[in-house]
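Engineer:
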Amino acid sequence: MLRLRNRLPALLRAASPLPAPIHPRPCCILSTTTSPSPAPFSVEDYLVASCGLAPTQACEVSKKLSRELLSTGSKRPLDELSYSRLNSASNPDAIIALLAGAGLSRADIAAVVSADPLLLRAYAKKIAPRLLGLRDRVGLSPPQIVRFLLVGPHVRTRSGVVPKLEFFISFYGSFEQVLVVLRRNSRLLSASIERSVKPNIALLRHRGVRDIAQLCSKGPTAA
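Numbered according to this note's numbering, the sequence shown spans residues 7 to 229.
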């Protein structure tokens, strides 16, 4: 026993140390797979899927949109769309929902968007009261709304389009006659009713001019 007690320190010094605990690497725990990034928004694909355009027609409308964006002063290409509210389907979906809510069919919407593709990037909160005003205040039927949208981008570009259209329908006698005048003079709805149109009408009446509406239908009105 005494011999074993004397040898114990030497045996302890010669003993092998216990192996260190094994800790898994963090990278082995975390997944190395990443979800694929979503495909960039394509105007052409959207026109086909949501507006019902044929691929060739969608391509032409997309090119038209590019030209019109450049004509507005933008120097950025169409594939850099975050600046134009066309980087996703969110804004176009809102515009199409407004058109459908005004009673337009899928074919009507396709025709309107083809005529004015910039409508897809318009602010929905601005377009909504104008479309509702055409229907509820002016009293246009869905086919009439379509015809008005096809004659020019007035709903998109004119904040006071509803009261102006209402005035000119009263002045010319019918919505159909207003369309005739708009085809001849696209700037009709840009004129100020109070500062320009009404004073000019009053001046013509003061000078004894009769049938002013017919006279104004033959040429551009004063802006």
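Don't be surprised by glycine CBs; every beta carbon is placed ideally from N, CA and C.
DSSP state of D142, grouped into three classes?
Structural biologist: Helix, per DSSP.
Engineer: Assuming D51 is part of the alpha helix (DSSP H), what are its boundary residues?
Structural biologist: Note, D51: alpha helix (DSSP H), 49-57.
Engineer: Hey, out of F174, F47, I175, G214, whose CA is closest to D99's CA?
Structural biologist: It is F47.
Engineer: Who are the Cβ neighbours of L140 in its own chain at under 6 Å, not counting the five residues just before and after it?
Structural biologist: For L140, where only same-chain residues beyond five positions count, the Cβ hits under 6 Å are L146, I151.
Engineer: Would R136 be called buried (16 or more neighbouring beta carbons within 10 Å of its own) or exposed?
Structural biologist: Buried: at least 16 other Cβ atoms inside 10 Å.
Engineer: On the CB-based measure, 16 or more other CB atoms within 10 Å of its CB, does D142 come out buried or exposed?
Structural biologist: Counting Cβ neighbours within 10 Å, D142 comes out exposed, since fewer than 16 surround it.
Engineer: I believe P148 touches A108 by the beta-carbon criterion, under 8 Å. Please report the beta-carbon distance rounded to the nearest angstrom.
Structural biologist: Right, the Cβ-Cβ distance comes to about 7 Å (below 8 Å), so this counts as a contact.
Engineer: Below 8 Å on the Cβ atoms is my contact criterion, and I expect L110 with V157 to pass it. Report the Cβ-Cβ distance as a whole number of Å.
Structural biologist: Going by Cβ atoms, the distance from L110 to V157 rounds to 15 Å, so no, they are not a contact pair.
Engineer: Below 6 Å CB to CB, which residues in the same chain sit around E200 once its five sequence neighbours on both sides are set aside?
Structural biologist: If we look at E200 and ignore the five residues flanking it on each side, it has no Cβ neighbours.
Engineer: Checking 8 Å against the spacing of the C-beta atoms, do R153 and L185 come in under that value?
Structural biologist: Yes, the pair counts as a contact, with Cβ atoms nearer than the cut-off.
Engineer: Identify whether A197 lies in helix, strand or coil by the three-state DSSP scheme.
Structural biologist: The answer is coil: DSSP assigns A197 none of H, G, I, E or B.
Engineer: For V118, which of S165, S72, L53 has the nearest alpha-carbon?
Structural biologist: The residue with the shortest Cα to Cα distance from V118 is L53.
Engineer: If you follow the alpha helix (DSSP H) that P169 is in, where does it begin and where does it stop?
Structural biologist: Taken as a continuous stretch (DSSP letters only), the alpha helix (DSSP H) holding P169 covers 167-178.
Engineer: Helix, strand or coil: how does DSSP classify D99 here?
Structural biologist: D99 falls in the helix class under three-state DSSP.
Engineer: What's the call for L87, buried or exposed, on a 16-neighbour Cβ count within 10 Å?
Structural biologist: No answer about L87 holds up, because its pLDDT of 45 lies below 50 and its placement is not dependable.
Engineer: For the candidate residues G58, S56, L126, A95, whose alpha-carbon lies nearest to that of S72?
Structural biologist: Of the candidates G58, S56, L126, A95, the one whose C-alpha sits nearest the C-alpha of S72 is L126.
Engineer: Please list, in chain order, all residues of the same chain as I207 whose beta carbon is under 7 Å from its beta carbon, the five residues on each side excluded.
Structural biologist: Taken in chain order, the residues that qualify are I218.
Engineer: Go ahead and pull the three-state DSSP assignment for G214.
Structural biologist: Coil, per DSSP.
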